[in-house]
Amino acid sequence: MIVRTANHLKESLQQTASALLKPFDKKSSGATSTRSSASSSSTIPNNNTNVSKLHDEKGDDVSVVYLVRHGDRFDYANPSWLENAKSAGNITTDPPLSALGHRQASETGQHFASLTNVSKILVSPYLRVIQTACPTSDALNIPIHIEEGLSESHATPNVLPSAQERFAYFPHVDPTYKSMVDVQATPGVTCSKTGKPCESFSADYIKRIKKVAETFETEFRGQTVICFSHAASVALVAALLKCTLKDLKFAPCGIFKLKRTGDGPWELCINGISNPHVSENSTTTYPWGFDEKHFIEEEHGEYYGSSEGIGLDFFVVN
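All letters in the sequence shown, in the order written, are residues 87 to 404 by this note's numbering.
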């Protein structure tokens, strides 16, 4: 039986789809900019060293997680980028934001500007996600902590630049932060884009996200954290809510907000299926969610890997 929180999720999904989901523009963003969102010339000071824990009127800890997807992708808006990047010897799995994506990131930073008592900003190590998080880092004056556990699906260990290397171009990044959850390559699974060993999708990706959820519950109890990740990270929402993956979708720069009081269940406060704080969207980067095809055993071969029996209802408590 699905827990009550899952029913709450379904109701919220229906309300959000009808009331908030804007039609995505049929016109591509046509973005050509690859600029960084970073505008600061020095390291972002950490202004959250004295953040106090949140409590309700009864004195119970209140934990809050915001989960944000990256903005519009440059490679989706400009298909020629892939071949050009490959010819230049670049990493084709790490595209930047499009010009539209930068605007969406800026609007997201403005949306979070009035938020208080944030403990940390945790960010996937991918370029498009770092770029999306930079305006929020600027707005809140909190550094970016690159968390490997929030990496994209099909993640390939030791391919992306390190936090220390990212810091050279993104002074928002805290180069001293150590990830709480690491990505491990699945034996026998190779990424078709990098040719290197990678984590299987969906099985080992789902298992990693479950570990991230468990880590968050202990490490950030009574705190507010903002996480920037990818569309597949709706799995983190499902892992915390203990609900099915079936109805979850994630819009570009969409925001999920989840809250937990004490040891009670997590509650869905804001649904990331839509992005009402963003003024423009493109058909190239759209709300994404898991489908049956992502869990079919061995159909996709070496790149996807076996789902090892994990299905769309993996996080449902029976």
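From the three backbone atoms N, C-alpha and C, an ideal C-beta is built for every residue, glycine too.
Closest Cα partner of residue i within the set the options
i	options	result
residue 193	373, 254, 361 and 376	361
residue 165	181, 154 and 176	181
residue 323	225, 309 and 340	340
residue 155	402, 373 and 396	373
residue 199	365, 335, 221 and 395	221
residue 401	376, 350 and 328	328
residue 162	149, 187 and 172	187
residue 264	292, 204 and 248	248
residue 242	379, 201, 317 and 279	279
residue 349	231, 311, 317 and 303	303
residue 203	175, 195 and 311	311
residue 176	219, 218 and 213	213
Where residue i sits in the DSSP three-state scheme
i	result
residue 372	coil
residue 265	coil
residue 283	strand
residue 346	strand
residue 73	Examination of residue 73 is not possible in this model, given that the chain is present from 87 through 404 alone.
residue 354	strand
residue 194	helix
residue 294	helix
residue 314	strand
residue 360	coil
residue 117	Unreliable placement is indicated for residue 117, whose pLDDT of 41 sits below 50; the coordinate value is still reported in the next sentence. The answer is coil: DSSP assigns residue 117 none of H, G, I, E or B.
residue 161	helix
residue 406	Shown here, the chain extends from 87 to 404; a query on residue 406 therefore has no answer.
residue 276	strand
residue 307	coil
residue 149	strand
residue 302	helix
Beta-carbon gap between residue i and residue j smaller than 8 Å
i	j	result
residue 233	residue 209	yes
residue 313	residue 246	no
residue 325	residue 345	no
residue 315	residue 215	yes
residue 338	residue 190	yes
residue 371	residue 146	no
residue 336	residue 149	no
residue 207	residue 288	no
residue 223	residue 309	no
Anticipated Cβ contact below 8 Å, residue i with residue j, distance rounded
i	j	result
residue 285	residue 240	7 Å
residue 376	residue 357	With a Cβ gap of about 16 Å, residue 376 and residue 357 do not count as contacting.
residue 331	residue 226	Residue 331 to residue 226, Cβ: 30 Å. No contact.
residue 178	residue 171	5 Å
residue 290	residue 276	About 13 Å separates the two Cβ atoms, so there is no contact after all.
residue 259	residue 229	7 Å
residue 319	residue 153	6 Å
Task: Segments assigned alpha helix (DSSP H), at least 4 residues, entirely inside the segment 205–257 - done: 213–226 and 249–253
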